[in-house]
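Residue numbers (the working numbering), protein chains in the order written: chain A, 1 to 464; chain B, 1001 to 1464.
Yeah, the Cβ is synthetic: ideal placement off N, Cα and C, and Gly gets one too.
Being a predicted model, the structure only gives us computed values, none of them experimental.
For reference, the structure is listed below as structure tokens.
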């Protein structure tokens, strides 16, 4: 012992900082390794986790789920009307983002967007009547995710809305998303004024059929190669979609001009898309949903197949635990706020768009998009670090989505709920921030983390 | 002395490796610092350099030249026909890339392209007659750079060709470039078959007037913001122009559809541009030329205002040395070759496109475009290292062109010929590689360096 302390020591301090502090105070040096016991030391969760770790059945199930995710090849099939194409869509039903939530508990932007959808559908002729109708229970509110769909922010899909239709021929599943309205006063941030409703009508009557005419000329568009190319062009296809949107325009415009669309409509549609760098987001989301639905329902798998927020709760679903949601309070986002706004004005984390991170892009592919830090905060080094951190909680690298800045390593993909609980490393999410009052719109953007409690519940459920 | 060698030593070895080798052989450790005497120890050049270093007049001249480069705001003014708009363009004149060169010494691709231009102009009706005419001395061959113009690879501009017109209103100068034909069999790589001539005719008769109609609706397009945005989207606007081309399309298409252009022409033009990720290159080059011409002609300045290659010689011009070229043999490029090709098939470095590096983009902005290493070779780390190395030989960072991966530092810009000679760090250039025989086309791409001899001559000339 004495001879050990007589020589220069290299000290690694794992976990609690106070041990290292003591060494440093006495003139020594210690390298600190961040560590905390799984689930912050919760014994029941630790026991459940121990049952799942190195379990051959879980490993095999995860391998199968991950392979299904990797093998999915989502294609943009076309545009349909929600009531006609979204499975289980009722005639008095409105879909929303995140896990299930009843009207009274919904956040401001979601209530505002639902009022807008009721006005858009013509079920009521003013906002007060629309609100009364929403409160009355006459309308069924269900998560997009229960209908193979996803929507950003409030995520509202009502029966007359056009939706992107994505098909994964490898496994035969379909997915859906609404169309992106652009920035400013838009339904997904809870705005519901006349200009919002007029734009939604234009999207239904002009944008959707014109795009559909173009898509018929283009035939099925493979989405993964387009996402992959965008990752080489500074997008992470969640909060940066400028390259993907431009690539889509490049493919779409010649098709549109050869299509049956009226030239004036084609011109208006192109101008609308060209003015919205987020236009591709909803396609990206639907593609991610299609890849992950392919991986869902593998008995015993701890792979996360959805992360979604309704502005009150953050929910996840896991491949091996069926339709069940594991929820925790949605966090507030400590991001970059627009002038005259702060976290005090913010709605908690909102939207189905975390489906992109669940699929290994978005925050998980931040190394592809260093310029995003101007929008969500942090440095270029943070962007790399976020991607690298996610390798500790994922089952695979996706070779279809490569990251130039990391010498073309694949994006970390297939979140393993076990590893999240074991390491305490929480999935990183690049997100927009909505004002907590309906109708104000976006007030910032930032990087947030999925709450640990969702994953501990999933681990306990899977182990039992 | 003995007490010095009795303790553990930290050795820095500057320059010659053999000193460090000796220490390592005896069990010691040495950190090696790359260093060579200026101009490889050439005493005459060293003397000239010493006269220029820390010379207040040179410093002031360089500050002025750099400020002029930074203040330039090139705008895309429109498209004209070379004979009508390029200053000094003769009716039997053909412009080419790089420093001046007579027909017999020209490389294969340049001769092939000139034969093509003669056929395109209708001055001869077959290749043999065209070649005889080129040999006869009836046609004046002059560098693009002598006419405020730049052209990629062979850089051929003949009187009937449409040219981009760029204007820098800050200093009142104009610049010009031909239009990009796409990849494959194209004039700039020396191809001159019927399909090449037919495409050039279509570019003159349809592409140029259609684009001009669109540009008239768009009005003057600011080029620097577009380049800046593309640098945030994985382009270095020399060998990667996919983002910039897509951004241009996004701006151009709505304008085209509102213009007087016939819909069928608009559709054909959009399809042509959408099929060519390099379409923006020639606009990028003309913009760089406009910025650098603004900085040219400042007495005493050692700032490099042009680097250009004719496939035989590499030439540079310096702000303070007027119209003079300083030349050295053009290097062969040790890059990535397409299947079935190697450096044995390559023409030496060719084209005016190194104007992009001279303006601080291209290889100098490689940190913005890590994905380019799949095309030119190396790793993502090399891309960062190339940009960082260029900070040692440049006068400024360009705040208009920021690099996300380097936390939004500006691109290193304004090459100082003194610093190149002093450090031995040679300007890095991302380049395409042409087959040495006319008409074969591109056979690879790579990273090359400007030859030191150009810069030593410039330093000597400036000092005398």
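DSSP state of residue i, grouped into three classes?
| i | result |
| --- | --- |
| residue 64 of chain A | helix |
| residue 1199 of chain B | helix |
| residue 1156 of chain B | coil |
| residue 1333 of chain B | coil |
| residue 1103 of chain B | helix |
| residue 1025 of chain B | helix |
| residue 1312 of chain B | coil |
| residue 261 of chain A | coil |
| residue 282 of chain A | helix |
| residue 1034 of chain B | coil |
| residue 1137 of chain B | coil |
| residue 58 of chain A | helix |
| residue 373 of chain A | helix |
| residue 328 of chain A | strand |
| residue 1355 of chain B | helix |
| residue 208 of chain A | helix |
| residue 1007 of chain B | coil |
| residue 323 of chain A | coil |
| residue 1092 of chain B | coil |
| residue 191 of chain A | coil |
| residue 401 of chain A | strand |
List, in order along the chain, the chain B residues whose C-beta lies closer than 8 Å to that of residue i?
| i | result |
| --- | --- |
| residue 249 of chain A | 1246, 1249, 1250 and 1253 |
| residue 138 of chain A | Those do not exist, as residue 138 of chain A stays about 43 Å from chain B at its closest Cβ, beyond 8 Å. |
| residue 379 of chain A | 1407 |
In chain B, which residues lie with their C-beta within 7 Å of the C-beta of residue i?
| i | result |
| --- | --- |
| residue 242 of chain A | 1233 |
Can you list the residues of chain A that residue i reaches, using a CB-CB cut of under 8 Å?
| i | result |
| --- | --- |
| residue 1274 of chain B | 250, 251, 253 and 254 |
| residue 1258 of chain B | 267 |
Name the chain A residues that come within less than 9 Å of residue i, Cβ to Cβ?
| i | result |
| --- | --- |
| residue 1345 of chain B | Per Cβ cutoff of 9 Å: no residues; residue 1345 of chain B is ~27 Å from chain A at best. |
Looking at residue i: is its Cβ nearer than 8 Å to the Cβ of residue j?
| i | j | result |
| --- | --- | --- |
| residue 162 of chain A | residue 79 of chain A | yes |
| residue 1107 of chain B | residue 1439 of chain B | no |
| residue 1412 of chain B | residue 1387 of chain B | yes |
| residue 1421 of chain B | residue 1391 of chain B | no |
| residue 1338 of chain B | residue 1327 of chain B | no |
| residue 400 of chain A | residue 426 of chain A | no |
| residue 1011 of chain B | residue 1028 of chain B | yes |
| residue 285 of chain A | residue 150 of chain A | yes |
| residue 1287 of chain B | residue 1227 of chain B | yes |
| residue 1353 of chain B | residue 1152 of chain B | yes |
Give the interface partners of residue i over in chain A, defined as CB-CB distance under 7 Å, in chain order.
| i | result |
| --- | --- |
| residue 1228 of chain B | Result: empty, since nearest Cβ-Cβ is about 11 Å, beyond 7 Å. |
Taking only beta carbons into account, state which residues of the segment 1261–1272 of chain B come closer than 8 Å to chain A, listed in chain order.
1263, 1266, 1267, 1270 and 1271
Does the segment 1102–1115 of chain B come into contact with the segment 1050–1061 of chain B, if we say contact requires no fewer than three beta-carbon pairs (one atom in each stretch) closer than 8 Å?
no
Three or more beta-carbon pairs under 8 Å between the segment 1194–1203 of chain B and the segment 1127–1145 of chain B, yes or no?
Contact between the segment 1194–1203 of chain B and the segment 1127–1145 of chain B is absent, because fewer than three Cβ pairs lie under 8 Å.
At a cut of 8 Å, does the segment 355–374 of chain A reach the segment 235–254 of chain A through at least three beta carbon pairs?
yes
Report yes or no: do the segment 1453–1464 of chain B and the segment 1134–1151 of chain B share at least 3 C-beta pairs separated by less than 8 Å?
no
Using a Cβ cut-off of 9 Å, which residues of the segment 1348–1371 of chain B contact any Cβ in chain A, in chain order?
Correct list: 1368, 1369, 1370 and 1371.
Please identify, using Cβ separations under 7 Å, the residues of the segment 1106–1130 of chain B that lie next to chain A, in order along the chain.
none
Can we say the segment 366–382 of chain A touches the segment 1396–1413 of chain B, given the rule of at least three CB pairs closer than 8 Å?
yes
Touching or not, the segment 283–297 of chain A and the segment 308–327 of chain A, by the rule of three or more beta carbon pairs under 8 Å?
By the Cβ test, the segment 283–297 of chain A is in contact with the segment 308–327 of chain A, since at least three Cβ pairs between them sit closer than 8 Å.
Contacting positions in the segment 1395–1412 of chain B - beta carbon closer than 8 Å to chain A:
For the segment 1395–1412 of chain B, the residues whose beta carbon sits under 8 Å from a beta carbon of chain A are, in order, 1404, 1405, 1406, 1407 and 1408.
Three CB pairs or more closer than 8 Å across the segment 1215–1222 of chain B and the segment 1329–1348 of chain B
no
Evaluate contact between the segment 188–197 of chain A and the segment 146–158 of chain A, counting only Cβ atoms and requiring at least three cross-stretch pairs below 8 Å.
Touching, yes.
Can at least three beta-carbon pairs, one atom from the segment 1160–1179 of chain B and one from the segment 1075–1094 of chain B, be found at a separation below 8 Å?
yes
At a cut of 8 Å, does the segment 1016–1034 of chain B reach the segment 1246–1266 of chain B through at least three beta carbon pairs?
no
Okay, do the segment 1264–1277 of chain B and the segment 248–259 of chain A touch, 3+ Cβ pairs below 8 Å being the bar?
yes
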